[in-house]
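Below you'll find the structure, written out as structure tokens, and then a few comments.
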Amino acid sequence: MKLFNSKKLEPSGVDTTDNASTEPDKEQPWQELGLKQDEYEEIKNILGRRPTSSELAMYSVMWSEHCSYKSSKIYLRQFGEKVTPEMKKYLMVGMGENAGVVDIGEGLAVTFKVESHNHPSFIEPFQGAATGVGGIVRDILSMGARPIAIMDQLRFGAPNHPDTARVVHGVVDGISFYGNCLGLPNIGGETVFDSVYQGNPLVNALSIGSMKHEDLKLAKASNPGDLVILFGARTGADGIGGVSVLASETFESTGPTKRPAVQVGDPFAEKVLIECCLELFHAGVVAGIQDLGGAGISCATSELASNGGKGMRVQLKNVLLRDESLTPEEILMSESQERMCAVVPKKRLKEFESIVNKWEVEYSVLGDVIDEDRLYINWGHEEIVNVPPRTVAHDGPVYERPVAYPAYQNELNENSSAKLPRAKNATELATQLMQLIATPNQADKSWITAQYDKYVGGNTALSMPDDSGMIRVSEESGLGVALATDANGKYAYLNPYEGARLALAEAYRNVAVTGAVPRAVTNCLNFGSPENPEVMWQFKEATAGLADACLELGIPVTGGNVSFYNQSGDVAIYPTPVVGVLGVIDDVARRIPSGWQDDGNNIYLLGATYDELDGSAWAKDIHDHLGGQPPKVDLAKEKLLADLLHGASIQGLIESAHDLSEGGLGIAVLEASLRFNVGARIWLGDVLDRDGIDQTAALFSESQTRVLVSVGREDDVKFQALCDARGVPCLRIGVTDATSGLVEIKDIADLKLDDIRQGWSGVMSGLFD
Amino acid sequence: MKIGVITYPGTLDDRDAQRAIRLAGGTPVPLWHDDDDLKKVDAVVLPGGFSYGDYLRCGAIAAKAPATKEVIRLAAKGLPVLGICNGFQVLVESHLLPGGLIRNEKQHFICRDQKLRVENNETAWTSLFEKDQEILIPLKNGEGGYIATDDTLKMLEQENRIAFRYVENNPNGSMNDIAGITNERGNVVGLMPHPEHAVEAGFGPDTPTAMRSGIDGLLFFESVLKMVVNS
Amino acid sequence: MPKIIVEIMPKQDLLDPQGKAVSNSLHREGKKEITAVRIGKRIELHFDREITDQDLEMAKDQAANFLSNDVIEDVIAITKED
Amino acid sequence: MPKIIVEIMPKQDLLDPQGKAVSNSLHREGKKEITAVRIGKRIELHFDREITDQDLEMAKDQAANFLSNDVIEDVIAITKED
Ligand SMILES: Nc1ncnc2c1ncn2[C@@H]1O[C@H](COP(=O)(O)OP(=O)(O)O)[C@@H](O)[C@H]1O
Ligand SMILES: [Mg+2]
């Protein structure tokens, strides 16, 4: 195979390393490519000359905020530092790789990660969201795992704003189109509406994959002589400077003023690519496979080489193109989807070829791994890149951006909800409850989730509307995993440190109520511009809060993603740290639903209720108020509660469990009743007495560490004893009723299930059909 | 008892169909679209998914695959064939079944637990059902609206070739609430909903008594196994 | 670049939920003068050489038997463009 | 019946997965003379009266802002048919 021709031929007009030496002063568009003056100087420093235009292209995308984490790096370190050896026990691969890998026992492991595709999803919602799913799935695949499920975390603008429907339809269609076509069940997610996301919706996507321990792969090129092969879709002009540049810029408040090339996704190509990669892994013909996401070939080549501590020689003319007119710089930056880069030992090439041919996947050999700390890229006979790979991939700039306590913060925190009028009587309480369940944020999300395939694969044990998604990993033993993600932007805005802890606590609780044991954490940190010191303060607080909370709960962060520049004009979104918790369950047959189905079971409220209405759905949706401090959370108690739920589920004592979060006890009771259309009789008197609160707080406070469980009468004594032994506050507040068709809340109202359902289920279709 | 399951590029529910066959007591045999050898199976399932990305029209490209051509040949001789969702679309594009399937009335992909009525329990795949039995199995499709000319519809009705009808809710705008049909001989059946997703308690649709415990889909596979044994 | 263009339309309103959705949306915006919207396909077959009569025959055959489904669609035009 | 026909194609330099799938299928059958296939839309707007210049303006506007998505598609023709 002849990749390189040393014979001197006619120059092609591209900017070569020779030119860079002979024309040192050539003007270069470093500013347009998003580099800062000192960054450009640093590149010249590293190379000892000016970069070629191709090198400049590579450095600019790889040093962008999105790819280099230059503003967040110093804070993300805590996730690796604030850990105990105990926390690392199940961690097979930690932060820094494509995705973290967690041992779940029986020789099996899972890998999971959540990533943002916010800006592309505003510009072209359908393709933006679709390719967001595609990208995260390739991350999971590159670890050697078979992707087994996805989830999506969405934040939209005000439901009745004229632009919201466009984004909602496009995003949901895009996720549905891509995820369904890949054959990955969608097992959960979040949907939140708030005008703060109007010009900058959030589209985060999570994927999880499973594998045997021995199938774990790390993407690196460490064996000189191995071939570097690009395969999958052809390289086109789509998304040039897309993800990386987009994700590193602030939007204009007027909407999509710039319309850069977006990427177009082909889920069919990706499905074929998944099967093809898994067969390649299985046959052992690849040393590693790197996915191509943001920064395309620039990223794949430099990261593979840098990870392996070796170098690489690449012939860029060998890249298969969709459009022959692409320049080398464009080829290096293209973010065309559904491509992968494999490192293949020379003697396995034949086998590699026969597998990719079987799947009708196109490929081309780009070059080989060399025992030298250089990445050389040729365009025909001319050298256009000659750099140390680490300087591109890993040793980018690191900033300690200025941090400032926000000017508005004190006023915001002092503006407590205490001054809001409480409901005066039973009628008003009932009205507020019915009003809350029918707000877009509390209402039924099945308008969205019904567009997602939750059955494919036949291993979905829980999905919407239950608190976590749960998926069986081993068909033999029933071993499975539960996954939940949460973020409350309002809480994080009021107090970013606490907000991040609360997000973790809620996701942790959502996993625990299913009977699974929380084991690992991922996150996607959605924030405004890092160049705004107040945003940077939020980021600093939130990362500290999350790292501290993980330490308190004893579960490690395995990876994540940072998305900055989420703002329109000068107005940043609420800080939105999406936190995902993964739990393990030895047999998914043991899982607990979120609602009650049997008649005559006792209903217990676990945990204590405080008067905590700041930042609540009640304050925001009934009184249009946001201020004060978010609820407090004691993570030691949270852990105790999770242990109790696990113990009780092992003993088969609980029939249902639903965590309390937005909307408090009132909403939780209605949701648990709606789950199987089985009513309940509830009394709040004992809660009022024990916790010293009023009815409004009893119904709507968002105090943490609370769960609503139903228990069969025969297990009553055992269950109460278990709570007492562990010191978890436990109060019987009602009984399930399968015949009345009512949710009766004593002294407040008898609500018809049909009425509740009508209010709850018609909201989304009313807005978007 | 060997039942083949064809995998096209983009097929998704092939492993679920294989599981269903196993749970019903049969032996699933994976078949590859590009291979015209059907390995002497006693029946074939064309599973759900997005064969060839469902580009152009759902099932149109898969209808030209070597394995499909062999299915067409053997179906004429009586080989039992079940097309589920995308498999149904392939059967229609192959002209093994009449009519066509178009985009759902509401334009969206829809995934829900769907009630059906068994209208014809004399096909290879429905013999263990009672006539008019109501069953609950998942439905998930983007292009599941069944359409046919008036003449075809009349013929299907008259010849009792409507195998399943949607009950309570027509999810995709299908004519005459048609969820599935059969050929004249009763060996080829196609339907949009997914019986293979209601075969194992814990992973099927919710029922009035327990979460995800519906297994009404199992009878499809047991029916064909019984028929093969008897013949 | 020489190409053959195949135009395909759904047979009737009934078979075109997409067209109906678009027309509903236009009506909501008050464009009542549009009585119906129908959405079909425009398929380009590209050639790297001049198109022969044989090519046109082939295209006709593909249009009828593969590119369209005559249960639900009509091929309304096959044209050559250089 | 008078109608305005709007023709929309995926942008030249963007991926057209549909077209690719169809061209692969044709290639498998040996039709190598077809170098590429691209699939776009043909949208008919029906009127129950004669079409005015104003209607054409409206169609142009709808074609650009609603019927097509200029990030990924091009409107290649808007024609009147009586
Ligand atoms: N965009 C979405 N995609 C998938 N599932 C969703 C989405 N939005 C909400 N859900 C699901 O709907 C249910 C209710 O959501 P939510 O009220 O946010 O749950 P929780 O309060 O427990 O976090 C959950 O099962 C959740 O996973
Ligand atoms: Mg919950």
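Chains as they are written, first to last, in this note's numbering: chain A, 1179 to 1947; chain E, 5 to 235; chain Y, 10 to 91; chain P, 10 to 91. For each residue, glycine too, the CB sits at the ideal point set by N, CA and C. If you're wondering where the values come from, they're calculated on a predicted model, not measured in any experiment.
| query | result |
| --- | --- |
| Quick check on this structure: which residue in E:L86, E:F224, E:N180 and E:N164 has the alpha carbon closest to the alpha carbon of F133 (chain E)? | E:F224 |
| Evaluate contact between the segment 1583-1599 of chain A and the segment 1248-1263 of chain A, counting only Cβ atoms and requiring at least three cross-stretch pairs below 8 Å. | no |
| Quick check on K81 (chain E): buried or exposed, where buried means 16 or more other Cβ atoms within 10 Å of its Cβ? | exposed |
| Establish whether the CB of V84 (chain Y) and some CB of chain P are separated by less than 8 Å. | no |
| Which bits of chain A does Y56 (chain E) rub up against, with CB to CB less than 9 Å? | F1446 |
| With 8 Å as the threshold, decide whether the Cβ of K68 (chain E) is near any Cβ in chain P. | yes |
| Using the beta-carbon of each residue, which ones in chain E are nearer than 8 Å to N78 (chain Y)? | R61, A64, E97 and G104 |
| Near W1774 (chain A), which residues of its chain fall below 8 Å by C-beta distance, leaving aside the five closest residues on each side in sequence? | I1781, E1833, S1834, A1850, S1851, R1853, F1854, V1856, A1858, S1888 and T1914 |
| Got a sec: is the Cβ-Cβ distance from E59 (chain Y) to anything in chain P below 8 Å? | no |
| Would you say T44 (chain P) reaches chain Y, if we count a Cβ-Cβ gap shorter than 8 Å as a contact? | yes |
| Please return the same chain residues whose Cβ sits closer than 7 Å to the Cβ of P1506 (chain A), not counting the five positions on each side in sequence. | V1192, S1232, L1494, W1557 and I1562 |
| Since G1366 (chain A) and M1321 (chain A) are thought to touch, with beta carbons under 8 Å apart, how far apart are those beta carbons, to the nearest angstrom? | 21 Å between Cβ atoms; not a contact. |
| Extract the residue ranges of the alpha helix (DSSP H) inside the segment 1228-1261 of chain A, only unbroken runs of 4 or more that lie entirely within it. | 1231-1240, 1243-1246 and 1251-1259 |
| Quick check on H1347 (chain A): does DSSP put it in helix, strand or coil? | helix |
| For I244 (chain E) and A202 (chain E), what's the separation of their Cα atoms in angstroms? | Here chain E has residues from 5 to 235 only, and residue 244 (chain E) is not among them. |
| Cutting at 6 Å between CB atoms, please list the residues of its own chain near R23 (chain E), excluding the five before and the five after it. | none |
| Verify whether the separation of the beta carbon atoms of A1473 (chain A) and A1447 (chain A) is less than 8 Å. | no |
| Count the other CB atoms within 10 Å of the CB of M1518 (chain A); is the residue buried (16 or more) or exposed (fewer)? | buried |
| With DSSP as the reference, label E1264 (chain A) as helix, strand or coil. | helix |
| Using a 10 Å radius around the Cβ and a threshold of 16 neighbouring Cβ atoms, would you call S32 (chain P) buried or exposed? | buried |
| Between E66 (chain Y) and chain P, is the shortest Cβ-Cβ distance under 8 Å, so that the two count as touching? | no |
| CB V84 (chain Y) to CB I14 (chain Y), shorter than 8 Å? | no |
| Measure the alpha-carbon distance for T1428 (chain A) versus F75 (chain P) and round it to whole angstroms. | Any reading at T1428 (chain A) must be qualified, since the residue scores a pLDDT of 44, below 50, and its modelled position is unreliable; no value is offered. |
| So, are the CB atoms of P1808 (chain A) and G1677 (chain A) less than 8 Å apart? | yes |
| Please report whether the beta-carbon of G1944 (chain A) lies at a distance below 8 Å from any beta-carbon of chain E. | no |
| From the DSSP output, read off the bridge partner residues of K81 (chain E). | Paired residues: none, contrary to the question. |
| Against chain Y, which members of the segment 131-160 of chain E pass a CB distance test of less than 9 Å? | G149, I151, A152, T153 and T156 |
| In angstroms with no decimal places, state the Cα-to-Cα distance between V1421 (chain A) and G1825 (chain A). | Residue confidence for V1421 (chain A) is low, a pLDDT of 45 falling below 50, so the modelled location carries little weight; the figure read from the coordinates is stated next. Whole-angstrom Cα-Cα distance: 45 Å. |
| For F1300 (chain A), which of A:V1749, A:D1867 and A:F1334 has the nearest alpha-carbon? | A:F1334 |
| Compare the C-beta of K1930 (chain A) against all C-beta atoms of chain E and say whether one is closer than 8 Å. | no |
| In chain order, what residues of the same chain have a beta carbon less than 7 Å from the beta carbon of S235 (chain E), not counting five sequence neighbours either side? | none |
| Judging by CA-CA distance, which residue of Y:N78, Y:S77, Y:A68 and Y:V80 is the nearest neighbour of K41 (chain P)? | Y:A68 |
| Within 8 Å of any Cβ in chain A, is that where the Cβ of I52 (chain P) sits? | no |
| Closer than 7 Å, Cβ to any Cβ of chain A: which residues of the segment 108-124 of chain E, in chain order? | H112, F113, I114, C115 and R116 |
| Here's the rule: buried if 16 or more other CB atoms are within 10 angstroms of the residue's CB, otherwise exposed. What is N1338 (chain A)? | exposed |
| Looking only at DSSP bridge pairs, what is G87 (chain E) linked to? | E:L50 and E:G194 |
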